[in-house]
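Engineer: One structure coming up, written as structure tokens, with questions to follow.
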Amino acid sequence: MKMNRQHKYSLDSNTLREISQRFPKCELSYEQLSHTKVQSDIYSAIPMGKKQFIWFTYYKSECVCFLLSIDRNRNILAAEKVTTQFSSDLALGTILYGTSLRYDGCSFFSVEDVCYFEGKQVTRKNSDIFSTLSYIFNEKVGNSLLSKQHIVLQVPVMSKSRTELFEMIDNLPYSVYCIQHVQLNHNKRANEVLRQNTEPKMPTAVFRVHADITNDIYSLHCYVNDTSHTYYDKACIPNYKTSVYMNSLFRNIKENRNLDSLEESDDEEEFENVALDKFVNLDKYEHMECKYNARFKKWIPTKIVKYGKVATPKMIGELIRNTYVKSDRYSRRY
Numbered sequence: 001m002k003m004n005r006q007h008k009y010s011l012d013s014n015t016l017r018e019i020s021q022r023f024p025k026c027e028l029s030y031e032q033l034s035h036t037k038v039q040s041d042i043y044s045a046i047p048m049g050k051k052q053f054i055w056f057t058y059y060k061s062e063c064v065c066f067l068l069s070i071d072r073n074r075n076i077l078a079a080e081k082v083t084t085q086f087s088s089d090l091a092l093g094t095i096l097y098g099t100s101l102r103y104d105g106c107s108f109f110s111v112e113d114v115c116y117f118e119g120k121q122v123t124r125k126n127s128d129i130f131s132t133l134s135y136i137f138n139e140k141v142g143n144s145l146l147s148k149q150h151i152v153l154q155v156p157v158m159s160k161s162r163t164e165l166f167e168m169i170d171n172l173p174y175s176v177y178c179i180q181h182v183q184l185n186h187n188k189r190a191n192e193v194l195r196q197n198t199e200p201k202m203p204t205a206v207f208r209v210h211a212d213i214t215n216d217i218y219s220l221h222c223y224v225n226d227t228s229h230t231y232y233d234k235a236c237i238p239n240y241k242t243s244v245y246m247n248s249l250f251r252n253i254k255e256n257r258n259l260d261s262l263e264e265s266d267d268e269e270e271f272e273n274v275a276l277d278k279f280v281n282l283d284k285y286e287h288m289e290c291k292y293n294a295r296f297k298k299w300i301p302t303k304i305v306k307y308g309k310v311a312t313p314k315m316i317g318e319l320i321r322n323t324y325v326k327s328d329r330y331s332r333r334y
């Protein structure tokens with residue numbers, strides 16, 4: 001599959017007027033969810049961010065991808081020609097709807113709907129929409145990060161379980177605006193707008209953290225008394241952001257410091273050094289605050305602390321037990 005790439009730039013007013021006149025009407029079927037719990041087939045975590053359209057089309061005999069900014073009535077306010085990877089077939093007329101966001105220093109577009117696919121309007125039945133999106137992401141678009149100016153298309157985090165989705169949300173590197181409830185045999189979707197503190201706060205504890213030779217493996221140690229410590233468990237590294245942060249503390253990985261270094265070759269000294277631990281400091285440790293993840297039953301390192309007391313096995317056990325008590329109360333409320 002041949003992929004097309006362009007650089008990002010804004011369009012002038014004449015070009016904007018021209019493409020606005022060509023842009024077809026897009027029907028979107030969403031409604032606000034009442035407080036009554038709705039049983040759905042799929043729950044999607046819709047990111048907080050700017051609502052926009054992605055439009056693959058032809059312009060001046062060229063396959064292009066436009067990122068369109070819209071108002072509340074979905075009128076086009078601005079447009080940019082953007083860099084992404086896509087099959088030229090999509091330029092027959094494919095329109096995606098979703099949310100623009102940035103995290104880990106890169107641009108992403110979270111796609112939640114498809115209005116047109118290769119010139120044909122997609123029916124509003126949710127099963128057809130999801131089937132079309134699945135085909136697009138498997139066959140028609142790439143998800144490689146080519147540069148910092150590149151926009152990566154992705155789908156929202158999803159689950160068949162609302163409870164499981166909330167646990168996944170806790171580890172996302174961006175804020176979530178709503179939970180989208182999808183019933184596959186229906187034409188509409190319901191958005192459950194999130195309020196702060198609707199989920200029980202996960203506990204934190206301080207561990208002594210050591211790095212392993214293997215990437216993204218870190219051991220957590222707790223204190224059995226004031227002078228000795230013991231191994232407790234491996235840390236959970238749930239996403240790229242956490243991985244880069246931990247690498248910055250314990251490892252010398254230049255690719256994590258600068259995307260441009262991906263194109264740089266190793267110097268002669270690095271190339272000749274074949275030691276397994278040449279990029280990691282195995283003697284170093286840090287006292288770090290870690291957050292408990294109930295889904296994985298693991299602790300996630302979040303930051304270095306200077307004055308916090310390292311937890312004991314008894315303290316950790318009590319924190320975890322209290323977490324499950326709070327979670328059970330929450331599930332009964334909702």
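What the sequence shown shows, in the UniProt record's numbering, is residues 1 to 334, in sequence order. Every residue gets a Cβ at the ideal spot worked out from N, C-alpha and C, and that includes glycine.
1. So, residue 404 versus S228, is the Cβ gap smaller than 9 Å?
2. Is the separation between the beta-carbon of Y116 and that of I129 shorter than 9 Å?
3. Less than 9 Å separating the beta-carbons of I316 and C222?
4. Going by beta carbon distance, what residues of the same chain come within less than 8 Å of Y218, once the five residues before and after it are set aside?
5. When DSSP labels each residue in this structure, what does K241 get in the three-state scheme?
6. I'd like the list of long-range same chain contacts for H150, defined as Cβ closer than 6 Å, with 5 residues on each side in sequence excluded.
7. Excluding sequence positions up to five away, which residues of its chain have a Cβ less than 8 Å from the Cβ of M168?
8. What whole-angstrom Cβ distance do C65 and K81 have, given they're in contact under 8 Å?
9. For Y174, which residues from the same chain have a beta carbon less than 6 Å from its beta carbon, with the 5 sequence-adjacent residues on both sides left out?
10. Going by the CB atoms, is the gap between N185 and S127 shorter than 9 Å?
11. Where residue 360 and V155 are concerned, what is the direct C-alpha to C-alpha distance, given to the nearest angstrom?
12. Locate the alpha helix (DSSP H) running through L165, then write down its first and last residues.
13. If we call anything under 9 Å between Cβ atoms a contact, is G93 one with F137?
14. Pick out whichever of V224, K306 and L153 has its Cα sitting closest to the Cα of F86.
15. Leaving out the 5 sequence neighbours to the left and right, which residues in its chain are closer than 8 Å to E164 when beta-carbon positions are compared?
16. In whole angstroms, what is the alpha-carbon distance linking T204 and D12?
17. What is the rounded straight-line gap between the Cα of R195 and the Cα of Q180?
18. Taking all protein chains shown into account, decide if E18 is buried (16 or more other Cβ within 10 angstroms of its Cβ) or exposed.
19. For S107, tell me which candidate among R189, S144 and R22 has the shortest Cα-Cα distance.
20. Can you give me the Cβ contacts of V182 inside the same chain, cut-off strictly under 7 Å, excluding the 5 residues immediately before and after it?
21. Which residue's Cα is closest to the Cα of Q121: D170, E112, I70 and E27?
22. The beta strand (DSSP E) with N293 in it runs from where to where?
23. Between the C-alpha atoms of L259 and L68, what's the straight-line distance to the nearest angstrom?
24. Bridge partners of A301, per DSSP?
25. What does A190 pair with, by DSSP beta-bridge criteria?
26. Out of N14, G98, V114 and N239, state which residue places its alpha-carbon closest to the alpha-carbon of L172.
27. DSSP on D89, reduced to helix/strand/coil?
28. Apart from the five residues just before and just after S29, which ones in its own chain have a Cβ nearer than 7 Å to its Cβ?
29. Work out the CA separation of Y58 and Y135 for me, nearest whole Å.
30. With DSSP collapsed to three states, give me the class of D226.
31. At what residue ranges does the stretch 81 to 136 contain a whole run of the beta strand (DSSP E), taking only runs of 3 or more?
32. Does DSSP classify S144 as helix, strand or coil?
33. Would E289 and K309 qualify as a contact pair, given that the criterion is a beta-carbon distance under 9 Å?
34. How should E112 be labelled, buried or exposed, when 16 other C-beta atoms within 10 angstroms of its C-beta is the threshold for buried?
Structural biologist: On the basis of the supplied data:
1. The question about residue 404 has no answer, for the chain in this structure spans 1 to 334.
2. no
3. yes
4. V209, H210, A211, D212, K234, A235, I237, M246, F250 and P301
5. helix
6. T83
7. A45, V157, S159 and R295
8. 7 Å
9. P47, L101 and Y103
10. yes
11. Nothing can be reported for residue 360, as the shown portion of the chain is limited to 1 through 334.
12. R162 to I169
13. no
14. L153
15. R295
16. 51 Å
17. 14 Å
18. exposed
19. S144
20. S40, D41, I42, S44, N126 and R189
21. E27
22. Y285 to N293
23. Unreliable positioning characterises L259 in this predicted model, as indicated by a pLDDT of 44, which lies under 50. A coordinate reading is not provided.
24. A quick correction: the sequence has Pro, not Ala, at residue 301. DSSP output for P301 lists C290 as bridge partner(s).
25. E31 and H181
26. N239
27. helix
28. R124, N187, K188 and R189
29. 21 Å
30. coil
31. 94 to 103 and 106 to 117
32. coil
33. no
34. buried
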